[in-house]
Amino acid sequence: MKTPMFASIRKYNGAPALVDELVKNEDAIKSVLRPIPGFHAYYLLKTSEGAISLTVCEERVGAEESNRVAAAWLKDKLPTFATRAPEITTGQVFIQLDEQLAHVTA
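Going left to right, the sequence shown walks through residues 15 to 120 as the numbering used here numbers them.
Now the structure itself:
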């Protein structure tokens, strides 16, 4: 990897309907994440207990800003899901493997 990247993982347990609500608000989520300096990617996973989101940025400050932006957006737009803070893990990415894939939805 040429330059280091940083990722932030937010794990939302006890919120099985969260993913469905976030998908309904995909454009709004894009509009708050894309302006983050060094924003690179965002992924949302549905789990049996809720959701996991992953944001990748060029610098740690961007990954940490994604946590602040996500919390503020949830509190403002989906307050019923903002009552429990997610488990957050932020760190440097050491291996990055990208494939050229078309956008696929279920």
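Where is the CB? At the ideal position from N, CA and C, for every residue including glycine.
**OP:** Report yes if the CB atom of residue 121 is closer than 8 Å to the CB atom of residue 53, and no otherwise.
**Re:** Limits of the chain in this structure are 15 at one end and 120 at the other, which puts residue 121 out of reach.
Subject >> Alpha-carbon spacing of residue 112 relative to residue 69, whole angstroms >> reply: The alpha-carbon of residue 112 is positioned some 15 Å away from that of residue 69.
**OP:** Report the partner residues of residue 104 according to the DSSP bridge assignment.
**Re:** Note: residue 104 sits in a beta bridge opposite 22.
**OP:** List the residues that DSSP assigns as beta-bridge partners of residue 53.
**Re:** Beta-bridge pairing links residue 53 to 71.
Subject >> residue 111 in three-state terms, based on DSSP >> reply: Coil.
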